[in-house]
Amino acid sequence: MKNVLLLSFLCISSLTFAQRGYNLSGTVQDANTGKPIAGASIYILETGGGGITDSTGQFFFPLSSAYYGIQVSAVGYRSIRERVNMNESKTITIKLDPKVLQLEEVEVRAGREDRNVKSVEMSKIQLSIQQIKRIPVVFGETDILKALTLQPGVTTVGEGAGGFNVRGGRVDQNLVLLDGAPLFSTSHLLGFLSSINPDIVQDITLYKGGIPASYGGRLSSLLTMGVRPGQTDRWHFTGGIGPLTARFAADGPLIKNKLTLLVGGRVAYPNWIMHQFPAPTNQNKAFFYDLNAKLLWTPNANHRISLSAYRSYDEFKFPQDTIYYGASTLVSGSWNGRFGPALSVGVQAFQSDYTFGNQGIKQYLQYDFRAGIQQREAKVFALWSPSEALKLETGGSLTHYQTTPGDLTPTNLESSVRRFVSEKEQGREGAGYVSGEWTAASFLTIQAGLRYVQYQNIGPGQVFGYESGTPRSVESIADTLRYTDGQVIRTYGGFEPRLGLRLGLGKQNALKLSYNRMRQYLHLISNTTAISPVDFWKLADPFIPPQLANQWAAGLFHNSKDNDYEVGVESYYKKLSNLVEYRNGANLILNPALETDLLRAEGYAYGVEASVQKTKGRLTGQLAYTYARTFTRVLTDFPDQAVNQGRWYPSYNDRPHNLAVTLQYQLGNRWTFSTNFVYITGRPATFPDGVYRINDTPVVNYSQRNLDRIPDTHRLDISFIKSTRKTSSQPHYSTWVVGVYNAYGRKNPYSVYFTRYNTLTRSYQLAVFGAPIPSLSYNFYW
């Protein structure tokens, strides 16, 4: 831990001297509202350099004495070009006019128009809320995570499943951040809808590879979502109502141009839809809400302080059986300051809590099962830009984890359930990093970073010792070691290098390469295909080492017809170590010796992702195709623990072919037609391959894991959007959305299960959405 803190201190100290010269700084704002625009792209025409604005719309570039042309663009706004005479340092304000959803003014992606060939970053997806709201979705509910699954390399294990999978990774291998704080539950209604209200989100970025050195802790991807700040000029109100939810958000100044506030909330009422289904489904009950708030104080042009909060609650009841629940609470605060012309410093702290479980309500089986995870973190960073061609960043973080595997408590005196209290797990982590981006020439950009992480599993706790030469089991426990509070049980750590390279091949083509290594000290323990309410998080310990991934990627990118068309092809290979797999018949819940049912595994994944986008004109859209494979192999010296005889087998999220077509067509008179078509290979499954008898009782045999597949998935969605906004300066307007999800009624399988009646084994296919689902929703902007 001392090495980590020393590394961070030395790196930050090395950035305290800034090069003198002329500097261009300023803010990008909405021309109508004065709201700062985060993520706006600023491109310097003469040098080919540039960057993006921060969360308060600010930017900074050191430049030499000369005339410069700059191009400023942001998704949903008209791009502009300006000339700047740099005979002295300047601070300017740039105002962008919003785009109205008409004809050629529709954009498909975020960032400047040629960002895919000019930036060094690859394996990166940026989406705007305006774009997401045009995508047809089930029941008309705008869904951020479902929109991501239409992008190359991103899938789910099935319709209605929670979470998402990136390049063959598992659900728990995605780091999802809301205003910098990790979100452990990303779904409502057991995976039916994502847990983020789209009305409060400003920007969405998914890194599938080439993850910046400032982030770590997950193997597969990084998803960042920024909560938009309140507008500075006046109060604004947005909201909507649909078949499942009602939403409302308000934002504006508490002190004009100094202190702003945003508050928003969403509440669900799905019970009336459930009651339309036949029994026993219509006896289910469900409810959820989520709340957001953000304060932003800007005392002057060089400093800003923000405070964000998020709260969500879910409850789902099966008839006369079980109630599932979950609650997330996030609080984060940050300070960012600019010192001198080239140095920026920031500090952030957050706490994220997720508590979940279920309650039994059957007679004599009344209980409450509760588990959870808590993460606290403080971090610091410094960004130094000594010249327009060089950017350097450094920082460090300290993190504390606490998990509760599960506590069981009887809730009635007549209950036959026995009380069980699991032992909490604790861990701490220290990290430091340095990174830089160097534009060596107009055609060559290099991005490199190095992150060092040290993790410690700490007490209080107990660790079992097992007899050597035999598989771990309760019977082979030889002794028990007790550790006091804060005592180090096991230490892990190592370096995590990152590297990216862009080679320009003319003005409209680029070749990009990237490599990154990631470690993950958290494991989601689950032996189900989709996220389950009884899954729980576990820390790395003496028996379960951190997961490790190395990923290499290469891509070719091409723009044509003044950036009207964007084409990208990426290939990747990923090597994974220390994955968690499960013994056949594993007992995971309330198991004090959990390591006896866990197996160490390795894996690899590879694939090719292709995307063609049309970004301008009456017809816009994207065609995305992915061919991807991912395999797993269990490593064990004991034959009775081997899975598939020790051979490689497809991971549960191995879905080789994934095609997604999204189109938007401007019909005129402020009508927009949108459609999606998706086709995905069925996921692996384990089907029975025989029957044997024990005491004349037939027993179904499952001997080969994941060597079968459920049927393929395909679906067509359509929607029509009517906007009352006639001009970009119209402050009050509304939209109506009419849509049909699964238009031709495909019974896409969520799972295939088997039952046995006498000597016959019968299969059944479960479809979450087996018919066309119409929807009508209304949204307003005041």
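Numbered according to our numbering, the sequence shown spans residues 110 to 891. We treat Cβ as the ideally placed atom computed from N, Cα and C, and that holds for glycine. All values reported here derive from a predicted model rather than from experimental measurement.
Which residues DSSP lists as bridging residue i, in chain order
i: K533; result: Answer is none; K533 lacks a bridge partner.
i: A662; result: S623, Y681
i: W891; result: Its beta-bridge partners do not exist; DSSP assigns none.
i: G135; result: F168, I201
i: I153; result: I179
i: Y761; result: Paired residue(s): none; Y761 is not in a bridge.
i: Q617; result: According to DSSP, which records beta bridges pairwise, Q617 is partnered with nothing at all.
i: P207; result: Y186
i: P606; result: L559
i: N393; result: DSSP lists no partner for N393.
i: G799; result: N810
Spatial distance of residue i from residue j (CA atoms)
i: Y561; j: G603; result: 6 Å
i: I153; j: Q235; result: 21 Å
i: G481; j: A436; result: 9 Å
i: G615; j: D706; result: 56 Å
i: P883; j: A395; result: 20 Å
i: V137; j: S188; result: 12 Å
i: V800; j: F357; result: 56 Å
i: Q775; j: Q722; result: 16 Å
i: I146; j: S635; result: 41 Å
i: L205; j: G879; result: 45 Å
i: F786; j: R626; result: 34 Å
i: D798; j: P379; result: 40 Å
i: Y510; j: L284; result: 15 Å
i: I161; j: A359; result: 27 Å
i: N306; j: K199; result: 38 Å
i: Y476; j: G469; result: 5 Å
i: S461; j: A175; result: 48 Å
i: R218; j: T589; result: Residue confidence for R218 is low, a pLDDT of 42 falling below 50, so the modelled location carries little weight and cannot support an answer.
i: F796; j: G466; result: 29 Å
i: L132; j: N445; result: Rather than Leu, the amino acid found at residue 132 in this sequence is Asn. Rounded to whole angstroms, N132 to N445 spans 19 Å at the Cα level.
i: S531; j: Q813; result: 33 Å
i: P338; j: V440; result: 15 Å
i: T354; j: R375; result: 7 Å
i: D673; j: S323; result: 33 Å
i: P654; j: Y630; result: 8 Å
i: Y736; j: H823; result: 16 Å
i: T518; j: L728; result: 58 Å
i: V454; j: F168; result: 14 Å
Where residue i falls, given that 16 or more other Cβ within 10 Å makes a residue buried
i: V543; result: buried
i: P759; result: buried
i: A540; result: buried
i: Q472; result: exposed
i: N857; result: buried
i: Q571; result: exposed
i: G777; result: exposed
i: T771; result: buried
i: V263; result: buried
i: T790; result: buried
i: A550; result: exposed
i: D749; result: exposed
i: K426; result: buried
i: Y892; result: Beyond the ends of the chain as shown, which are 110 and 891, falls residue 892; an answer cannot be given.
i: N696; result: exposed
i: P651; result: exposed
i: D594; result: exposed
i: N762; result: buried
Chain B contact for residue i (CB, 8 Å cutoff)
i: D821; result: The structure shown contains no chain B; it is built from a single protein chain.
Is the number of C-beta pairs between the stretch 306 to 322 and the stretch 237 to 256 that are closer than 8 Å three or more? Output reads yes: the stretch 237 to 256 touches the stretch 306 to 322.
Any beta strand (DSSP E) of 3 or more consecutive residues that is wholly inside the stretch 687 to 731: Runs of the beta strand (DSSP E) lying entirely within the stretch 687 to 731 and spanning at least 3 residues, in chain order: 707 to 723.
Return the chain-ordered ranges of every beta strand (DSSP E) run that is complete within the stretch 415 to 473 and spans a minimum of 3 residues. You should have 431 to 448, 452 to 469.
Is the stretch 842 to 850 in contact with the stretch 242 to 250, if contact means three or more CB pairs nearer than 8 Å? These segments touch.
Residue ranges of each beta strand (DSSP E) within the stretch 860 to 884, 3 or longer: 869 to 876, all fully within the stretch 860 to 884.
Quick check for students: name the residue ranges of the beta strand (DSSP E) that lie wholly in the stretch 554 to 601, counting only runs of 3 or more. If only uninterrupted beta strand (DSSP E) runs of at least 3 residues are considered, those enclosed by the stretch 554 to 601 are 570 to 575, 586 to 592.
Note down, one range per segment and in chain order, each alpha helix (DSSP H) of at least 4 residues found wholly within the stretch 241 to 305. Runs of the alpha helix (DSSP H) lying entirely within the stretch 241 to 305, each at least 4 residues long, are 253 to 257 in chain order.
Could you tell me whether the stretch 656 to 671 touches the stretch 681 to 693, where touching means 3 or more Cβ pairs closer than 8 Å? With a cut-off of 8 Å, the stretch 681 to 693 and the stretch 656 to 671 count as touching, because enough Cβ pairs lie within range.
Using a Cβ distance threshold of 8 Å, determine whether the stretch 335 to 344 contacts the stretch 641 to 656, with at least three qualifying pairs required. These segments do not touch.
Count Cβ pairs between the stretch 413 to 427 and the stretch 287 to 296 that sit closer than 8 Å; are there 3 or more? Between the stretch 413 to 427 and the stretch 287 to 296, the count of C-beta pairs closer than 8 Å reaches three or more; the two stretches touch.
I want to know whether the stretch 271 to 282 touches the stretch 396 to 409 - three or more CB-CB distances under 8 Å. Too few Cβ pairs lie closer than 8 Å, so no.
Would you say the stretch 480 to 495 touches the stretch 700 to 718, given that touching needs at least three Cβ pairs under 8 Å? In short, these stretches do not touch, since the Cβ pair count stays below three.
Alpha helix (DSSP H) runs wholly inside the stretch 819 to 850, at least 4 long, in chain order: Within the stretch 819 to 850, complete alpha helix (DSSP H) segments of at least 4 residues are not found at all.
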